[in-house]
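Residue numbers (my numbering): 24 to 355. C-beta: ideal position from N, C-alpha, C; glycine also.
Structure follows, in structure tokens:
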């Protein structure tokens, strides 16, 4: 190394030393203040973060089951703001689920001093930040990330004053919509009606159990077909459940699309999907209640064995629901 290079290295070390001394002096000047803040944080450790007591609204269900229609109707209410799917909220909840299920990850969290209370507060704060700030302010905030309902009981732990709407649609119509519109859902094989229906059945059963565990005061099941055919009756039922006053605007949500404080639609939403959301009563839905048109649309494309699987699953679900009615007053 030459003389000039050595001088440069020495100068750099000297400057670095001076900066380090200045930083140490500044830290010493603020040590008392930082210590006070630290003591305050220590005292408050374990206390719920601000906002966990909010009466949030969560709209859930299998995608293509009417969750978008429901959130659009709620968005039209002057006291409610749902907004578009966040997508990140269910992912952070799934990550937490993975950490808890993995013994190795659980041990690592404990060793790092991250208790359940700390983790719950962190996740609640993250969810609140996204839900509150991804749209305009409103007296009642709503989230529509459909698959969040799979973790409904945990979400209720985070937000004890929250309420949930469980959207349910005929499985055959749901699967047909998923496949025909090529809606990507993790675990669903869009080339197989049979596999999609089995996945749909499993997801609905899991969500139903979550809804049942939360109880009728916290979770309300809403049938998509009934909402479309009897919008006033069903929305009155929904608003009573949510402790919201009736407003005629919820019956005319199409008038508030893309307006200030109205219904915001995703730019990815196709023209056909927008028309579907605006349509309240139509022949196809009437026939789907009878199990008619949806199956006819599949004719020639769906294996006959799928029909028998579909019927068997419907009968099994009907029997299961009927069996739980006696012990659970959840309205169907």
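query                                                                                                               : result
Identity of the residue in 190, 176, 212 and 224 nearest residue 120 by Cα                                          : 176
Backbone secondary structure at residue 230 - three-state DSSP                                                      : helix
Per-residue burial, residue 233 [other beta carbons within 10 Å of its own, 16 or more giving buried]               : buried
Any non-hydrogen atom of the ligand FMN within 6 Å of residue 179 CB                                                : Annotation note on the ligand FMN: not contained in the displayed structure, which lists no ligands.
Residues near residue 222 by beta carbon distance below 6 Å, same chain, minus five either side                     : 210 and 211
Enclosing alpha helix (DSSP H) for residue 144 [first to last residue]                                              : 139–156
Residue 264: first and last residue of the uninterrupted alpha helix (DSSP H) it sits in                            : 254–264
Residue of 88, 85 and 81 minimising C-alpha distance to residue 97                                                  : 81
Three or more C-beta pairs below 8 Å linking the stretch 164–178 and the stretch 73–92                              : yes
Inter-residue Cα distance where the pair is residue 193 and residue 219                                             : 13 Å
Residue(s) in a DSSP beta bridge with residue 84                                                                    : 190
Backbone secondary structure at residue 208 - three-state DSSP                                                      : coil
Assumed close pair residue 140, residue 276 - CB separation to whole angstroms, cut-off 8 Å                         : Not confirmed; about 40 Å, so no contact.
At least three beta-carbon pairs within less than 8 Å, the stretch 146–166 to the stretch 106–115                   : yes
C-beta contact flag for residue 89 and residue 247 at 7 Å                                                           : yes
Alpha-carbon to alpha-carbon, residue 183 and residue 254                                                           : 29 Å
Reduced DSSP category for residue 219 - H, G, I as helix; E, B as strand; rest coil                                 : helix
Those residues which DSSP pairs with residue 165 across a bridge                                                    : 80
Element boundaries [beta strand (DSSP E), containing residue 246]                                                   : 242–246
Residue 158 classed as buried or exposed, judged by whether at least 16 other C-beta atoms fall within 10 angstroms : buried
Within 7 Å, strictly: CB atoms of residue 257 and residue 263                                                       : no
7 Å Cβ cutoff met for residue 191 and residue 244                                                                   : yes
Residue 249 - DSSP class collapsed to helix/strand/coil                                                             : helix
CB of residue 86 within 7 Å of CB of residue 171, strictly                                                          : no
Residue 72, DSSP secondary structure in three states                                                                : coil
The alpha helix (DSSP H) enclosing residue 113, as first and last residue numbers                                   : 111–124
Residues near residue 198 by beta carbon distance below 7 Å, same chain, minus five either side                     : 216, 219, 220 and 223
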